[in-house]
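Asker: Okay, here's the structure, questions in a sec.
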Amino acid sequence: MQPELQVMTGSAGTLSAERNKVLRNTYLLLALTMVPTVVGAMVGMSFAGVFMASPIISSLVMIGAVIGLQFAIAANRNSGLGVVLLLGMTFLMGAWLGPLLNYALALKNGPQLVGLAALGTGGIMIAMSAIATTTKRDFSFMGKFLFVGMIVLLVALVANMFLQLPALALTISALVIVVFSLFLLHDVSRIVNGGETNYIMAATGVYISLFNIFANLLQLLMAFGGERD
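Here it is as structure tokens:
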């Protein structure tokens, strides 16, 4: 009995070490993605006029490109090319964020709103990570429901590009924050419980959640607290 217990204990320790390694590498890769995101945002702010000339077409092209890159990342998840593709995707999403940042920074209290959105996003990330790592409860059951919710929100977002209803836009933003906050909990939980063993895929999912939370939180802050000259 004792040798078997030692083997089981050693196996559990190995699994725990592997999960911690995936979690650590995920956070390190997320930190790295901030570089192309910032560079992309600067490019997007410089060429905001190009995006805003045809905002609907630009948004649809960006959505298609990001979805395509996600499939490419998944196909190359076990190679260095996956990291390169992820960094390329974060650059593209940073550029997509550029026009929104331009609009925000044009407000009297724009820098403060951007800072609040960043702090709020960081706070949500810390809270969801803390829940997942301290409780170690498996939240993977939420995956299917969250995916359906994401698709519904995406359809609503595309529809509102044509409808241009402010109330619907605010509702979508609020729901996006809720859904992707739960996605963060789901994704970190999968790492902690061994459901996700690839740090590239884990970083991709967490990054997309953080991006959506930040962008939509900033939109809500601008709508309710933006000070115009």
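Position in the sequence shown (from 1) plus 1321 gives the number in my numbering.
Glycine is no exception: its CB is placed at the ideal position from the N, C-alpha and C atoms.
Do V1500 and G1464 have their CB atoms nearer than 9 Å?
Answerer: For the purposes of this step, residue 1500 is taken as residue 179 along the sequence shown, with counting starting at 1. For the purposes of this step, residue 1464 is taken as residue 143 along the sequence shown, with counting starting at 1. It is not a contact, given that the beta carbons lie outside the stated cut-off.
Asker: Mapping the DSSP letters down to three states, classify D1459 as helix, strand or coil.
Answerer: Taking the sequence shown and counting its residues from 1, one reaches residue 1459 at position 138. Reduced to three states, the DSSP call for D1459 is coil.
Asker: Is the beta carbon of G1415 closer than 9 Å to that of V1371?
Answerer: Translated into positions along the sequence shown, residue 1371 becomes position 50. Translated into positions along the sequence shown, residue 1415 becomes position 94. No; because the gap between Cβ atoms is not below 9 Å, this pair is not in contact.
Asker: I think L1437 touches M1543, with their Cβ atoms under 8 Å apart; what is that distance to the nearest whole Å?
Answerer: For the purposes of this step, residue 1437 is identified with residue 116 of the sequence shown, where counting begins at 1. For the purposes of this step, residue 1543 is identified with residue 222 of the sequence shown, where counting begins at 1. Not a contact, Cβ separation roughly 10 Å.
Asker: Taking its Cβ as the centre, do 16 or more other Cβ atoms sit within 10 Å of R1345, making it buried, or is it exposed?
Answerer: In the sequence shown, counting from the first residue as 1, residue 1345 sits at position 24. When all chains shown are included, R1345 counts as exposed.
Asker: With distances taken from CA atoms, which of N1399, F1504, F1412, A1396 is nearest L1353?
Answerer: To locate residue 1353, count along the sequence shown from 1; it is residue 32. For the residues N1399, F1504, F1412, A1396, the minimum Cα distance to L1353 belongs to F1412.
Asker: Determine the burial state of T1525: buried for a count of at least 16 other Cβ atoms within 10 Å of its Cβ, exposed for fewer.
Answerer: Taking the sequence shown and counting its residues from 1, one reaches residue 1525 at position 204. T1525 is buried by the Cβ-count criterion.
Asker: May I have the straight-line CA-CA distance separating G1462 from V1513, to the nearest angstrom?
Answerer: Locating residue 1462 in the sequence shown gives position 141, counting from the first residue. Locating residue 1513 in the sequence shown gives position 192, counting from the first residue. Looking at the sequence provided, one finds Phe at residue 1462 rather than Gly. Answer to the nearest angstrom: the Cα atoms are 14 Å apart.
Asker: What residue does the alpha helix (DSSP H) around N1481 start on, and which one ends it?
Answerer: On the sequence shown, position 160 is the one that residue 1481 refers to. That run of the alpha helix (DSSP H) goes 1464 to 1484.
Asker: Please list, in chain order, all residues of the same chain as N1533 whose beta carbon is under 6 Å from its beta carbon, the five residues on each side excluded.
Answerer: Numbered from 1 along the sequence shown, position 212 holds the residue referred to as residue 1533. These residues qualify, in order along the chain: V1497, F1501.
Asker: Please report the residue range of the alpha helix (DSSP H) in which A1374 lies.
Answerer: In the sequence shown, the residue the question calls residue 1374 occupies position 53. 1369 to 1374 is the span of the alpha helix (DSSP H), which, as asked, contains A1374.
Asker: Distance, Cα to Cα, V1527 vs L1505?
Answerer: Along the sequence shown, one-based indexing puts residue 1527 at 206. Along the sequence shown, one-based indexing puts residue 1505 at 184. Straight-line Cα distance between these residues: approximately 6 Å.
Asker: DSSP state of E1339, grouped into three classes?
Answerer: As a position in the sequence shown, residue 1339 is number 18, starting the count at 1. Correct three-state label for E1339: helix.
Asker: So, M1522 versus I1394, is the Cβ gap smaller than 9 Å?
Answerer: Here residue 1522 refers to the residue found at position 201 when the sequence shown is read from its first residue. Here residue 1394 refers to the residue found at position 73 when the sequence shown is read from its first residue. Against a cut-off of 9 Å, the Cβ pair of I1394 and M1522 comes out as a contact.
Asker: Buried or exposed, going by whether 16 or more other CB atoms sit within 10 Å of the CB of E1517?
Answerer: What you label residue 1517 is simply residue 196 of the sequence shown in a count that begins at 1. E1517 is buried by the Cβ-count criterion.
Asker: For L1538, name the three-state secondary structure that DSSP assigns.
Answerer: As a working mapping, residue 1538 is identified with position 217 in the sequence shown. In this structure, L1538 counts as helix in the three-state DSSP scheme.
Asker: Work out the CA separation of T1358 and L1407 for me, nearest whole Å.
Answerer: As a position in the sequence shown, residue 1407 is number 86, starting the count at 1. As a position in the sequence shown, residue 1358 is number 37, starting the count at 1. Each residue's alpha carbon lies about 11 Å from the other.
Asker: Nearest by alpha-carbon distance to S1450: which of E1339, A1490, T1347, I1388 is it?
Answerer: Residue 1450 sits at position 129 when you count from the first residue of the sequence shown. Checking every option, the nearest Cα to that of S1450 belongs to T1347.
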